[in-house]
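Numbering (full-length UniProt numbering), first residue to last: 1 to 483.
For every residue, glycine included, the Cβ atom is placed at its ideal position computed from N, Cα and C.
Nothing here was measured: the structure is a model prediction, and the numbers come from that model.
The next block holds one structure in the form of structure tokens; read it before the comments.
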Amino acid sequence: MTSSDDAERSTRWVFHIDMDAFFASVEQLTRPTLAGRPVLVGGTGVRGVVAGASYESRVYGARSAMPMHEARRLIGPSAVVVPPRGSVYRVVSTRVFEIIRRYSPTIETLSLDEAFGEPADLVGATAAEAADLARRLRAAIREETGLAASVGIGSGKQIAKIASGMAKPDGFRVIAPSTELEFLHELPVRKLWGIGPVSGDRLGRLGVETIGDFAALAETEVASVLGPTVGPALHKLAKGIDHRPVAERAEAKQISAESTFATDIVDLAGLRAAVASAASHAHRRLLDDGRGARTVVVKHRLSDMSILTRSSTMATATTDLNALTAAAYRVMLDPLEIGPVRLVGVGYSGLDDVRQDSLFPELDAGAGIATPFDQRERGLDQQERGIERHGGADETEPTVAAPQSVQIPRGPVVADEWPTGTDVAHPEHGHGWVQGTGHGFVTVRFETRSTGPGRTRNFRLPEPLLRRADPLASLDWELPVQE
């Protein structure tokens with residue numbers, strides 16, 4: 001900003017904060033040996049997807065939502081792949097949001113690692129004062145968690161979110177009100193929050209390439225292309241009109257994703273693929289929410305516009321993608337029996353903070369369920385990939401639930417129960433994590449957030465003194481006692 005921009009005042013300043021490479025950064029924080037290395041978080045199975053990629057991985061072209069095998073091929077043998085640890089991310093997220101609330105008591109959380117705030121102290125403040133808040137907020141998060149955050153600030157949510165993305169990594173950007181329209185209108189239209197792949201393609205066919213092009217369209221044309229509700233709302237954002245308040249989000253009662261297809265689905269194989277895709281996209285939102293689901297609902301809209309739904313309820317809430325997808329498969333209907341299907345949706349309800357992930361994955365193998373370390377949070381950071389969401393609960397962004405305690409199994413564990421990335425504890429060496437197994441041995445690196453890079457130890461299996469451990473111990477933080 002120029003000196004004149006620094007002095008510019010605004011009646012409203014909204015910030016958007018986004019943690020940098022959150023999942024991978026938490027892994028590097030709690031496992032110091034991984035600092036500076038190309039880390040991939042996600043499943044390692046055939047269907048494994050990258051949940052998060054460190055910036056060292058991104059140099060090679062790896063990114064979130066990419067198939068894991070492709071990301072590993074791009075990086076080569078230096079890639080480090082670890083499974084997601086949702087309980088750790090939730091605890092870190094909670095601490096980050098507590099810090100943010102010191103600067104803005106009311107925050108609007110979008111996921112585990114991003115939120116909006118609108119500090120009362122910045123009403124009528126200058127751009128320079130807004131920049132000072134961004135510096136102080138980022139410094140507090142760095143000092144108290146060890147993690148980097150990027151911050152964008154503008155007169156509304158749209159500008160703030162775009163600015164935070166352009167500030168990455170580990171930076172901040174303040175957009176003064178007088179420069180907002182120039183800043184906004186030069187950007188590609190897909191940068192506009194709410195324009196996905198399908199709507200972006202529609203606009204592209206009209207020659208709309210930038211947000212400025214979109215803002216210049218007639219309101220009637222916008223409504224005809226994007227619909228009478230969504231179109232005008234996005235048109236206002238493109239013109240820099242964004243009065244949406246920053247407000248705490250109510251807990252979602254259902255989390256879902258759905259897709260409308262250009263060609264009707266007429267066979268069971270096609271429907272199965274559509275259900276798997278919708279289940280994966282809804283799963284991403286479920287993980288952001290921080291709760292598990294007991295009930296899976298499958299929605300079918302037929303070519304005559306009638307809607308059929310069926311649901312399946314499980315004994316306990318879970319975030320296990322394989323279990324949720326399998327439940328969806330059990331209740332989906334055959335197009336040969338009900339007729340061509342034009343829309344498919346999968347929703348998760350019966351949301352519960354208490355999740356009981358399988359502690360004995362070998363017992364699940366017969367049911368075709370992979371171990372929780374391979375797929376517990378597969379599909380994290382999945383992007384739209386052509387999915388358009390239509391109304392209802394699917395439009396409700398999730399909130400972050402409080403972290404829950406983890407049950408730890410007792411007794412010796414055999415070789416095939418030591419997946420890479422498992423948190424373990426040893427009475428002599430302390431807390432560590434499994435780096436690999438083979439030939440009757442398990443290799444463990446003993447370290448936590450506070451120890452610095454640790455040393456490895458090889459144990460011949462079975463090793464009676466080695467136990468699975470609570471992943472939260474790797475943070476080495478004093479945590480609140482769960483009631």
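Item: Three-state secondary structure (DSSP) of P83; Value: coil
Item: Where E114 sits in the DSSP three-state scheme; Value: strand
Item: Rounded straight-line distance, which links the Cα of L234 to that of L14; Value: The sequence given here has Val at residue 14, not Leu. V14 and L234: Cα-Cα distance of roughly 18 Å.
Item: Through-space distance from G124 to M66, alpha-carbon basis; Value: 43 Å
Item: Span of the beta strand (DSSP E) around K299; Value: 293-302
Item: Complete runs of the beta strand (DSSP E) confined to the segment 172-212 [at least 3 residues]; Value: 172-174
Item: Residue(s) in a DSSP beta bridge with Y103; Value: DSSP, once it has assigned bridges, lists no residue as partnering Y103.
Item: Cβ shell of S25 (< 6 Å), same chain only, five flanking positions each side left out; Value: L147
Item: Spatial distance of G165 from A293 (CA atoms); Value: 31 Å
Item: Rounded C-alpha distance that separates G36 from S78; Value: 11 Å
Item: Proximity below 8 Å, CB of F183 to CB of A134; Value: no
Item: Expected contact under 8 Å - CB spacing of L475 and T30 to nearest Å; Value: 6 Å
Item: Three-way DSSP call (helix, strand, coil) for T109 in this model; Value: strand
Item: Proximity below 8 Å, CB of G430 to CB of R445; Value: no
Item: Three-state secondary structure (DSSP) of T443; Value: strand
Item: Rounded Cβ spacing between S42 and M19 (contact assumed at less than 8 Å); Value: Note that residue 42 corresponds to Gly in the displayed sequence, not to Ser. Not quite, the Cβ-Cβ distance comes to about 17 Å (not below 8 Å), so this is no contact.
Item: Per DSSP, the bridge partner or partners of H431; Value: A425
Item: Cβ neighbour criterion (16 or more within 10 Å) applied to M332; Value: buried
Item: Contact under 8 Å by Cβ, S93 with D113; Value: yes
Item: Entirely enclosed beta strand (DSSP E) segments - the segment 135-163, minimum 3 residues; Value: 149-154
Item: Same chain, Cβ closer than 8 Å to S303, neighbours up to 5 away in sequence not counted; Value: D264, G339, P340, V341, R342
Item: Option in T448, I99, H243, E129 with minimal Cα separation from I159; Value: H243
Item: Beta-carbon proximity list for R101, same chain, < 7 Å, skipping 5 on both sides; Value: I107
Item: Short Cβ contact (8 Å threshold) for T420 with R468; Value: no
Item: Extent of the continuous beta strand (DSSP E) run through D264; Value: 255-265
Item: Limits of the unbroken alpha helix (DSSP H) element including D352; Value: Per DSSP, D352 belongs to no alpha helix (DSSP H) and is neither H nor E.
Item: DSSP bridge partner residues for G347 (one or two, in chain order); Value: S256, V297
Item: Straight-line gap, S280 to T295 (C-alpha atoms, nearest Å); Value: 15 Å
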